[in-house]
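Take 0 as the starting number for the sequence shown in numbering that gives the first Met the number 0 and just add one per residue. Beta carbons are placed, not taken as given, at the ideal position from N, Cα and C, and that holds for glycine.
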Amino acid sequence: MDISALLKRCLYLIVIIPCMCHAQLVEDFSDGEIYSNPEWTGDVGLFRVNDDMQLQLDDNAAGSACLFTPLSLMEEMEWRCWTREAFSPSGNNNSRIYLFARQTCVDDFPDGIFLQLGEGGSADAIRLMQQLDGDTSTLIRAEPGAIAQSFACSIKTIYKDGSWSLFVDYSGGDEYIPEGNVQGILPSGNGYLGIVCKYTISNSTKFYFDNFYAGAIQYDTIPPQALQVYVTSALSLEVDFSENLEKASAENCSHYQLSMGQGNPHEAHLKDGELSVVELFYPDTLQYGVILQLGLNNIYDLSGNVMIPEMLEFSRYKPDRYDILINEIMIDPTPPQLLPEYEYLELFNTQPLPIDLSGWVLGIGTAEKSFSRLQIAPYAYLIIGKKEAEDEFLPYGNYYGFESFALLNTGQSLMLTNENGELIHGLNYGNWYGDDEKADGGWAIEQINPYNPCLMSDNWRASSDILGGSPGKQNSVFDELFIPPEIISSCVEDSVRIKVEFNQTMHHGISLHTELFSIDHGIGEPLAVLPDDPYFSSFILYPDKPLSRDRIYQISCKGNVLNCIGDSIYISETMQIGLPEPPAWQDLVINEILFNPFQGGCDYVEIYNRSEKPVSMTGIQLASVRHVPPSPPDTTFTGINISCRQLLPGEYVLLAKDYNKVDDHYFCGDEKCFIEPEGFPSYSNEQGCVILYDALNNILDIFSYHEDMHYPFLNSYEGVSLERIHYNRPASDITNWHSASQGSGFGTPGYKNSQFSEQSDDKDQIWISPKVFTPGYDGQHDHIGIHYSFDVPGYMATIMIVNASGQLIRHLVNNE
Numbered sequence: 000m001d002i003s004a005l006l007k008r009c010l011y012l013i014v015i016i017p018c019m020c021h022a023q024l025v026e027d028f029s030d031g032e033i034y035s036n037p038e039w040t041g042d043v044g045l046f047r048v049n050d051d052m053q054l055q056l057d058d059n060a061a062g063s064a065c066l067f068t069p070l071s072l073m074e075e076m077e078w079r080c081w082t083r084e085a086f087s088p089s090g091n092n093n094s095r096i097y098l099f100a101r102q103t104c105v106d107d108f109p110d111g112i113f114l115q116l117g118e119g120g121s122a123d124a125i126r127l128m129q130q131l132d133g134d135t136s137t138l139i140r141a142e143p144g145a146i147a148q149s150f151a152c153s154i155k156t157i158y159k160d161g162s163w164s165l166f167v168d169y170s171g172g173d174e175y176i177p178e179g180n181v182q183g184i185l186p187s188g189n190g191y192l193g194i195v196c197k198y199t200i201s202n203s204t205k206f207y208f209d210n211f212y213a214g215a216i217q218y219d220t221i222p223p224q225a226l227q228v229y230v231t232s233a234l235s236l237e238v239d240f241s242e243n244l245e246k247a248s249a250e251n252c253s254h255y256q257l258s259m260g261q262g263n264p265h266e267a268h269l270k271d272g273e274l275s276v277v278e279l280f281y282p283d284t285l286q287y288g289v290i291l292q293l294g295l296n297n298i299y300d301l302s303g304n305v306m307i308p309e310m311l312e313f314s315r316y317k318p319d320r321y322d323i324l325i326n327e328i329m330i331d332p333t334p335p336q337l338l339p340e341y342e343y344l345e346l347f348n349t350q351p352l353p354i355d356l357s358g359w360v361l362g363i364g365t366a367e368k369s370f371s372r373l374q375i376a377p378y379a380y381l382i383i384g385k386k387e388a389e390d391e392f393l394p395y396g397n398y399y400g401f402e403s404f405a406l407l408n409t410g411q412s413l414m415l416t417n418e419n420g421e422l423i424h425g426l427n428y429g430n431w432y433g434d435d436e437k438a439d440g441g442w443a444i445e446q447i448n449p450y451n452p453c454l455m456s457d458n459w460r461a462s463s464d465i466l467g468g469s470p471g472k473q474n475s476v477f478d479e480l481f482i483p484p485e486i487i488s489s490c491v492e493d494s495v496r497i498k499v500e501f502n503q504t505m506h507h508g509i510s511l512h513t514e515l516f517s518i519d520h521g522i523g524e525p526l527a528v529l530p531d532d533p534y535f536s537s538f539i540l541y542p543d544k545p546l547s548r549d550r551i552y553q554i555s556c557k558g559n560v561l562n563c564i565g566d567s568i569y570i571s572e573t574m575q576i577g578l579p580e581p582p583a584w585q586d587l588v589i590n591e592i593l594f595n596p597f598q599g600g601c602d603y604v605e606i607y608n609r610s611e612k613p614v615s616m617t618g619i620q621l622a623s624v625r626h627v628p629p630s631p632p633d634t635t636f637t638g639i640n641i642s643c644r645q646l647l648p649g650e651y652v653l654l655a656k657d658y659n660k661v662d663d664h665y666f667c668g669d670e671k672c673f674i675e676p677e678g679f680p681s682y683s684n685e686q687g688c689v690i691l692y693d694a695l696n697n698i699l700d701i702f703s704y705h706e707d708m709h710y711p712f713l714n715s716y717e718g719v720s721l722e723r724i725h726y727n728r729p730a731s732d733i734t735n736w737h738s739a740s741q742g743s744g745f746g747t748p749g750y751k752n753s754q755f756s757e758q759s760d761d762k763d764q765i766w767i768s769p770k771v772f773t774p775g776y777d778g779q780h781d782h783i784g785i786h787y788s789f790d791v792p793g794y795m796a797t798i799m800i801v802n803a804s805g806q807l808i809r810h811l812v813n814n815e
């Protein structure tokens, strides 16, 4: 709610409450009953006070029903009420609201003055009528057809100086529009105020009534207030006021003075059907991109109150992308810290101009929420959430509420578009907290640098404010963060489409600069570069000739590129790609595993492509098998849901729940080799089984580990990975695994293993590599390989180890 409107309501209550003390009848059903204060009589068993504290018809058959309560008349009177008919009125389904009746319920409708709601035909109008000796006549007929469909409206009737006046607010509020007046007579003495409903069985519960007032005339002494100026074209404005205006003063052009020498409008009109909105028309184009000021004075409301002179600021400006940002998101408010327990998001105006959000749409997943008339001030914040939470968030700043508002904890897209459907800001949030404890609820995620929104997830983290968030003010994590653009992945979609993904949102104009990219093997510059997502973070390159399956290609990206906000940054990168082929058994192998991480760390699994072909990681699955007697084996699968990630021959990929937790404890390889699957499997600290599947559930590799496979002289196995000595030897051979060296930091995630041992090219039938080994757990020749290759099978081997003096040290193999 606008703060000025809130103050007006408070002032209005201050004015009318003393008058209401003398009112003859006030009934809002807030006591939940109709038997006292005041007492209603008639068909009381056919009505109830519902959960919204409204009087509701509650019959189960067709018929008619009435309620009346005593009323004494004055020389001057005012009546007000709210009513709803949740159907299209007709001759058989309608109601009367008696302002005054001489009798209560009788067989026929009683004589008196009443409001008729519903009639035959399709031009139903609210009518002020009177009945004398059973004969009815219409005194005032309001707008034809206004209640031809189901409706909810507020009605005010005044009798003063021998004249009846009728006012209606068809929205159900208290902004009444005059519907007519007529000379007439007000009966004197005592009688009744009441309602009579006539209905078929299908509508026997669809009449509603509330907020009855009958008594002294309530005079409005609150002056009108100009609330906001909206630019409707290069030559016109609309001004919203707090209440309906008197026509002559509202349409006087001299009452509006525009800055920048543009002076008075040449036309001013009350907007059709909206007596609280004035349209202004100017002969010259309104200046663009500057703050304009509109002075207003001498404008009256319908009660003759004149406004206090005001000056409103506005601008004629078409916002660009990122002028308004989604700046803070409370995804999971439970358990709360110190903020209200509601989901919300915050918008931030990065510009020195007020921006009109009227007609804009906020997309939350597949749901779309449209903004009504709304502006956001320069460098201001706007909190958005459920309408019911408005009062609780008002202390934190300006608030806009929707009837429904829900955010998924697991993540979803948020898209802010203008009235023309053009994207202003979009993102697809996920677990962007960077703090597992805060991810459990009660903490908002905040943008680090709102003036560089291109960084996407890297530009967000959990709030550090003690409240749990910082709605309505500068984010608690604010920092002038800048990360240069780089390509984080590349892949081949098919022979004529190459996809590249940047680490941030790029300027949409990159599509016009094919010269930024070049492909070797004689292809050169692509024919076209087109965006592949609405955020402009990934692009499809179209080469001028198809790619061959038997080649690895190199793409270069070199030159000045623009990020999403137009900053020019020089970039020089090269990437390798190839047409992917489906992996077969042992094309991809499990090369390293950390199953007992340091405290605060996490498990990881490293995969290596030992084949001669590029393999797409899309659809690859990682699994864990646990067997806890007497339970049967339990396999947990995790799909590697990544759209653009190829593993070229000889490349590594690291799979972990949280790259940062791995990076905190180890030197990691290129961050581009890291993939964070959703729902990373759990691996036991003592023993377990790792399985690698392809997209069709074919096993590619399987490794059953045990902590006893570690180097026996370790003081602790915590934080020490098991490395595969050679990827061409089977995972089932326990001698092909060894603890990562101390010199490597106990793990080599994403690059060559510290314990890797090359296989010799020796042509002898038996050979040893290396020739000299120095077991000391320093990563330098810690182990030795004894290799054999015979032309026929069937040989038996006995291997003994002796010292330099020929003494037997160990009988390693006996007739195997």
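**Asked** Taking A622 as the reference, which of N659, I564, N697 has the closest Cα?
**Response** Selection N659, I564, N697 evaluated against A622 yields N697 as nearest (Cα-Cα).
**Request:** To the nearest angstrom, report how far apart E421 and L529 are at their CA atoms.
**Result:** Those two C-alpha atoms are separated by around 18 angstroms.
**Asked** Quick one: what does DSSP say N304 is sitting in, helix, strand or coil?
**Response** The answer is coil: DSSP assigns N304 none of H, G, I, E or B.
**Asked** Does the distance from the C-beta atom of E84 to that of F206 stay below 8 angstroms?
**Response** Cβ atoms of E84 and F206: closer than 8 angstroms.
**Message:** Counting C-beta neighbours from all protein chains within 10 Å, is the total for H21 16 or more, i.e. buried, or is it exposed?
**Reply:** Note that H21 scores a pLDDT of 40, beneath 50, so its modelled location is shaky; the value from the coordinates is reported in the next line. Residue environment for H21: exposed (fewer than 16 other C-beta atoms within 10 angstroms of its C-beta).
**Message:** Let's see if you can read the secondary structure: which residues bound the beta strand (DSSP E) around S738?
**Reply:** In the DSSP assignment, S738 falls within the beta strand (DSSP E) that extends over 736–738.
**Prompt:** Between G272 and N243, what straight-line distance do the alpha-carbon atoms span, to the nearest angstrom?
**Reply:** A straight line joining the alpha-carbon of G272 with that of N243 spans about 10 angstroms.
**Asked** Are the beta-carbon atoms of G718 and H664 separated by less than 8 angstroms?
**Response** Yes, these two residues count as a Cβ contact at 8 angstroms.
**Request:** Pick helix, strand or coil for L426, following the three-state DSSP scheme.
**Result:** Under the three-state reduction of DSSP, L426 is assigned to strand.
**Message:** Check for me: the alpha helix (DSSP H) holding K751 runs from which residue to which?
**Reply:** K751 -> no alpha helix (DSSP H), and no H or E assigned at all.
**Cβ distance (whole Å) where F679 is taken to contact G749 below 8 angstroms** = The Cβ separation is near 16 angstroms, so there is no contact.
**Prompt:** How big is the Cα-Cα spacing for Q224 and I307?
**Reply:** Each residue's alpha carbon lies about 7 angstroms from the other.
**Message:** Going by DSSP, what residue range makes up the alpha helix (DSSP H) through F392?
**Reply:** Note, F392: alpha helix (DSSP H), 389–392.
**Coarse secondary structure for T797, derived from DSSP in three states** = In the structure shown, T797 falls within a coil segment according to DSSP collapsed to helix, strand and coil.
**Asked** In whole angstroms, what separates the C-alpha of E75 from that of Y255?
**Response** E75 and Y255: Cα-Cα distance of roughly 37 angstroms.
**Request:** Give me the Cα-Cα distance between G558 and E514, rounded to the nearest whole angstrom.
**Result:** The alpha-carbon separation between G558 and E514 amounts to approximately 9 angstroms.
**Request:** Give me the Cα-Cα distance between F46 and S63, rounded to the nearest whole angstrom.
**Result:** About 12 angstroms.
**Item:** Segments of 3+ residues assigned as beta strand (DSSP E) that fall wholly inside the region 621–657
**Value:** Listed in chain order, the complete beta strand (DSSP E) runs (minimum 3 residues) inside the region 621–657 are 633–638, 651–655.
**Request:** Closer than 6 angstroms by C-beta to Y287: which residues in its own chain qualify, once you throw out the five before and the five after it? Chain order, please.
**Result:** Once the five neighbours on either side are set aside, the close Cβ partners of Y287 are R315.
**Message:** Please report the straight-line C-alpha distance between D549 and I522, rounded to a whole angstrom.
**Reply:** Approximately 15 angstroms between the Cα atoms of the pair.
**Request:** Report all residues from its chain with a CB closer than 7 angstroms to the CB of V729; omit the five preceding and five following residues, and keep chain order.
**Result:** Looking at the sequence shown, residue 729 is not Val but Pro. Excluding sequence neighbours, P729 sits near N735.
**Prompt:** Considering E527, what are the terminal residues of the beta strand (DSSP E) in which it resides?
**Reply:** Here residue 527 turns out to be Ala, not Glu, going by the sequence shown. Per DSSP, A527 belongs to the beta strand (DSSP E) from 527–530.
**Asked** Which same chain residues, not among the five before or five after S89, have their C-beta less than 6 angstroms away from its C-beta?
**Response** Result list for S89: empty, nothing under 6 angstroms.
**Item:** Expected contact under 8 angstroms - CB spacing of A443 and E611 to nearest Å
**Value:** A Cβ-Cβ distance of about 49 angstroms is found for the pair A443 and E611, leaving them out of contact under the 8 angstroms criterion.
**Request:** Could you please give me the residues that DSSP links to L361 through a beta bridge?
**Result:** When DSSP reads this structure, L361 sits in a beta bridge with K368, L415.
**Item:** Straight-line gap, I701 to V588 (C-alpha atoms, nearest Å)
**Value:** Roughly 8 angstroms between the two C-alpha positions.
**Message:** Below 8 angstroms on the Cβ atoms is my contact criterion, and I expect I325 with L236 to pass it. Report the Cβ-Cβ distance as a whole number of Å.
**Reply:** The C-beta separation of I325 from L236 comes to about 29 angstroms, leaving the pair out of contact by the 8 angstroms criterion.
**Request:** Hey, could you find the ends of the alpha helix (DSSP H) K246 is sitting in?
**Result:** From DSSP, the alpha helix (DSSP H) with K246 extends over 246–249.
**Request:** Rounded to whole angstroms, what's the CA-CA distance from Q764 to S788? Just pull it up for me.
**Result:** Just so you know, the alpha carbons of Q764 and S788 end up roughly 5 angstroms apart.
**Request:** Can you tell me the Cβ-Cβ gap for I96 and F108, rounded? I've got them flagged as a contact below 8 angstroms.
**Result:** For a cut-off of 8 angstroms, the C-beta gap from I96 to F108 is around 12 angstroms, too long to register as a contact.
**Prompt:** Roughly how many angstroms separate the alpha carbons of S232 and A141, rounded to a whole number?
**Reply:** Those two C-alpha atoms are separated by around 33 angstroms.
**Prompt:** For the beta strand (DSSP E) that V550 lies in, which residues bound it at each end?
**Reply:** Note that residue 550 is Arg in the sequence shown here, rather than Val. Counting along the chain, R550 sits inside no beta strand (DSSP E), nor does DSSP assign it H or E at all.
**Prompt:** DSSP beta-bridge partners for V588?
**Reply:** By DSSP's assignment, V588 forms a beta bridge with Y607.
**Request:** On a CA-only basis, which of L295, S456, R460 is nearest V228? Give me that one, please.
**Result:** Nearest option by C-alpha distance: L295.
**Asked** Can you give the beta carbon distance from D300 to P186, rounded, assuming they're within the 8 angstroms contact cut?
**Response** That belief does not hold up - the Cβ atoms of D300 and P186 are roughly 31 angstroms apart, past 8 angstroms.
**Message:** So, under 8 angstroms CB-CB, L54 and L192 are touching, yes? Tell me the CB distance rounded to an integer number of Å.
**Reply:** That pair is no contact at about 13 angstroms.
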